[in-house]
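The structure appears below as structure tokens.
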Amino acid sequence: MVSERFSWPALSYEQLPWTTRGDVPMSRQAQRRARGEYLAAVVPPIATIAVSLPPEILAEAEDAATEVARFDAEAGGEISPFAAVLLRYESAASSRIENLTASARAIAEAELGFGSRNANMIVANQQAMTAAVALANRIDSGAILQMHQALLASAQPDIAGKWREEQVWIGGTTVSPRGALFVPPHHRHIRAAIDDLLAFVSRTDIPTLAHAALAHAQFETIHPFADGNGRTGRALVHAQLRNARLTRHVTVPVSSGLLANVDAYFEALTDHRNGNPGPIVQRFCEAAFLATANGRRLVADLRTIRSTWETRIRARRDSAAWRVADVLLRQPVVNARFAANELNVAPNNVYRLFEPLLRAEVIVEFSNKRRDQLWSAPEVLAVLDAFALRAGRRRRPSD
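The opening position of the sequence shown corresponds to residue 598 in the working numbering, with each subsequent residue numbered one higher.
Okay, here's the thing in structure tokens:
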């Protein structure tokens, strides 16, 4: 039963000692500054709290949720590559919030195993998002750990899929939490805080988008991992949206909307920690509207490209070359092995299927730094890069 408490609880803090590690080189003066007491957050329980938001925010959340559901139906109402594209570029936008960027071509090459560090991490984030959606029917601690495992299995296997066992902090120096901008809870509190959060997530009495925003803010405050908290927390948002059936077909690129004003997003997380949950709900509402507008334009651009290919490609209607064209919309860089696997044909047969697409200038052949033979669809790459550029463009309040 939900309690009758109507104010969102602010964090409290506990004073803890900090001693510097002996293997960290620093002056004696720096050691004195680093040692001593620091304040770590104590996260209040929210499992049964009554969620009371201003009527105007609730109305905005309802409108935004309606828009998300409408976009999901539009983009996912047919057999199309859009689900894969939207998932990938939601993952890219979420990574970009953490200053991990890569071009559409670099991300597509990473899908083939030829990626740069950043592109590989974006693909790993896509795997975390995929896990989040796949596990949406059971959002529990195991599901969250699986999302994190998918995210960091390659980049940081020693911490992937594990709750942190150390104090972390945001801002300040790298050697001490003293003077940090924010110090999340001590690691001894993590499991209890996550259990409380999951009880909150399981509730059905809170409007879906507001529910996801509040749960996300609480997750970021708990900061349960040594790294990858933001990306895992935004993957959790999509698990909630799918669990509540607000989305059924595609991953609505909410992170691309948050990218429009990252500072406001981070400020809203701070407001939440201070007992004001309204701004984070508003940021998610704004992000939902921006995401659906940008997503619609991306889908329209891809449909236009596919339509123009119909007039340019000279191949029989039953030719597998058309299937190659469909693959290129969601994977705009391919090699012979990838195309053969997608089409279930022998690799030697792929080259003749590429011929009509090369003649129509749908694809171009190139080699990467390893001299691997690859083919790309420049028009698709251009609209994907344009989507990312629009997502990162800061909007003024009047826009």
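All residues carry an ideal CB built from backbone N, CA and C; glycine is no exception.
Could you compute how far the alpha carbon of residue i sits from the alpha carbon of residue j?
{"i": "Phe797", "j": "Phe679", "result": "32 Å"}
{"i": "Val878", "j": "Ala918", "result": "46 Å"}
{"i": "Val924", "j": "Val730", "result": "22 Å"}
{"i": "Gln928", "j": "Ala988", "result": "20 Å"}
{"i": "Glu763", "j": "Thr617", "result": "13 Å"}
{"i": "Val977", "j": "Val959", "result": "9 Å"}
{"i": "Ala707", "j": "Ser738", "result": "29 Å"}
{"i": "Leu613", "j": "Val780", "result": "11 Å"}
{"i": "Arg770", "j": "Ala865", "result": "The displayed chain sequence assigns Thr, not Arg, to residue 770. Each residue's alpha carbon lies about 23 Å from the other."}
{"i": "His783", "j": "Arg632", "result": "17 Å"}
{"i": "Arg585", "j": "Leu971", "result": "As shown, the chain starts at 598 and ends at 996. That puts residue 585 outside it, with no answer to give."}
{"i": "Arg956", "j": "His846", "result": "35 Å"}
{"i": "Ala985", "j": "Arg630", "result": "42 Å"}
{"i": "Asn891", "j": "Gly825", "result": "26 Å"}
{"i": "Cys588", "j": "Leu895", "result": "Examination of residue 588 is not possible in this model, given that the chain is present from 598 through 996 alone."}
{"i": "Arg911", "j": "Leu950", "result": "11 Å"}
{"i": "Gln743", "j": "Asp792", "result": "16 Å"}
{"i": "Ala943", "j": "Arg934", "result": "9 Å"}
{"i": "Ala848", "j": "Ser751", "result": "The identity of residue 848 in the sequence shown is Thr, whereas the question assumes Ala. Thr848 and Ser751: Cα-Cα distance of roughly 24 Å."}
{"i": "Asp868", "j": "Pro642", "result": "17 Å"}
{"i": "Val961", "j": "Ser973", "result": "6 Å"}
{"i": "Thr727", "j": "Ala721", "result": "10 Å"}
{"i": "Glu659", "j": "Ser773", "result": "43 Å"}
{"i": "His820", "j": "Val930", "result": "36 Å"}
{"i": "Val859", "j": "Ser691", "result": "11 Å"}
{"i": "Asn1010", "j": "Asn945", "result": "Outside the modelled stretch of the chain, which goes from 598 to 996, sits residue 1010, for which no answer is possible."}
{"i": "Ile736", "j": "Leu794", "result": "11 Å"}
Along the beta strand (DSSP E) that carries residue i, what are the first and last residues, could you check?
{"i": "Pro614", "result": "Ser609 to Trp615"}
{"i": "Val639", "result": "Gly633 to Val639"}
{"i": "Val961", "result": "Val961 to Ser964"}
{"i": "Leu971", "result": "Gln970 to Ser973"}
Using the beta-carbon count (16 or more within 10 Å), is residue i buried or exposed?
{"i": "Ser600", "result": "With a pLDDT of 37 at Ser600, under the threshold of 50, the predicted position of this residue should be treated as unreliable, and no value is reported."}
{"i": "Pro975", "result": "exposed"}
{"i": "Ala789", "result": "exposed"}
{"i": "Arg667", "result": "exposed"}
{"i": "Pro994", "result": "Its pLDDT being 37, under 50, Pro994 is placed unreliably by the model, and nothing is read from it."}
{"i": "Ser688", "result": "buried"}
{"i": "Arg828", "result": "buried"}
{"i": "Ala701", "result": "buried"}
{"i": "Tyr610", "result": "exposed"}
{"i": "Arg913", "result": "exposed"}
{"i": "Phe963", "result": "exposed"}
{"i": "Leu981", "result": "buried"}
{"i": "Asp915", "result": "exposed"}
{"i": "Asp996", "result": "With a pLDDT of 32 at Asp996, under the threshold of 50, the predicted position of this residue should be treated as unreliable, though the coordinate-derived value follows. So Asp996 counts as exposed."}
{"i": "Asn717", "result": "buried"}
{"i": "Val639", "result": "exposed"}
{"i": "Gly768", "result": "exposed"}
{"i": "Pro953", "result": "buried"}
{"i": "Leu778", "result": "exposed"}
{"i": "Ala656", "result": "exposed"}
{"i": "Asn715", "result": "buried"}
For the alpha helix (DSSP H) containing residue i, name the first residue and the last one.
{"i": "Gln724", "result": "Arg714 to Ala731"}
{"i": "Ile791", "result": "Ile787 to Val798"}
{"i": "Leu940", "result": "Ala933 to Leu940"}
{"i": "Phe711", "result": "Phe711 -> no alpha helix (DSSP H), and no H or E assigned at all."}
{"i": "His835", "result": "Asn826 to Asn840"}
{"i": "Ser852", "result": "Val851 to Leu855"}
{"i": "Asp868", "result": "Val859 to Arg870"}
{"i": "Glu583", "result": "This structure leaves residue 583 out entirely; the chain is present only between 598 and 996."}
{"i": "Asp669", "result": "Pro652 to Gly673"}
{"i": "Asp923", "result": "Ala918 to Arg927"}
{"i": "Val878", "result": "Gly875 to Arg909"}
{"i": "Ile819", "result": "Thr805 to Ile819"}
{"i": "Ser691", "result": "Phe679 to Ile694"}
{"i": "Leu738", "result": "Per the sequence presented here, residue 738 reads as Ser, with Leu not at that position. Counting along the chain, the alpha helix (DSSP H) containing Ser738 begins and ends at Ser738 to Leu749."}
So residue i and residue j are in contact, right, with Cβ under 8 Å, and what is the actual spacing, rounded?
{"i": "Ile704", "j": "Arg685", "result": "7 Å"}
{"i": "Ala888", "j": "Pro850", "result": "5 Å"}
{"i": "Leu549", "j": "Ile694", "result": "Outside the displayed span of the chain (598 to 996) sits residue 549, for which this structure offers no information."}
{"i": "Arg880", "j": "Tyr862", "result": "5 Å"}
{"i": "Trp615", "j": "Arg775", "result": "6 Å"}
{"i": "Ala662", "j": "Pro804", "result": "7 Å"}
{"i": "Ala885", "j": "Leu806", "result": "6 Å"}
{"i": "Phe822", "j": "His745", "result": "6 Å"}
{"i": "Arg831", "j": "Ser799", "result": "So it is not a contact: roughly 20 Å between Cβ atoms."}
{"i": "Tyr903", "j": "Leu926", "result": "Reading the sequence as shown, one finds Arg at residue 903 and not Tyr. So it is a contact: roughly 6 Å between Cβ atoms."}
Would the C-beta of residue i count as close to the ligand SAH, meaning under 6 Å from any of its heavy atoms?
{"i": "Ser692", "result": "What this structure holds is no ligand at all, so the ligand SAH is not there to describe."}
Closer than 7 Å, CB to CB, is residue i near chain C or not?
{"i": "Asn932", "result": "Looking at the structure shown, chain C is missing, and only one protein chain is on hand."}
Discussion item. Pairs of beta-carbons, one from the segment 642–656 and one from the segment 602–616, closer than 8 Å: are there three or more?
Written reply: Touching, yes, given that three or more Cβ pairs across the two stretches are closer than 8 Å.
Worksheet item: Do the segment 706–726 and the segment 957–972 meet, that is, are 3 or more Cβ pairs less than 8 Å apart?
Response: Between the segment 706–726 and the segment 957–972 there are three or more C-beta pairs closer than 8 Å, enough to call the two in contact.
Worksheet item: Between the segment 805–825 and the segment 868–877, do at least 3 Cβ pairs fall closer than 8 Å?
Response: At 8 Å Cβ cutoff, the stretches touch.
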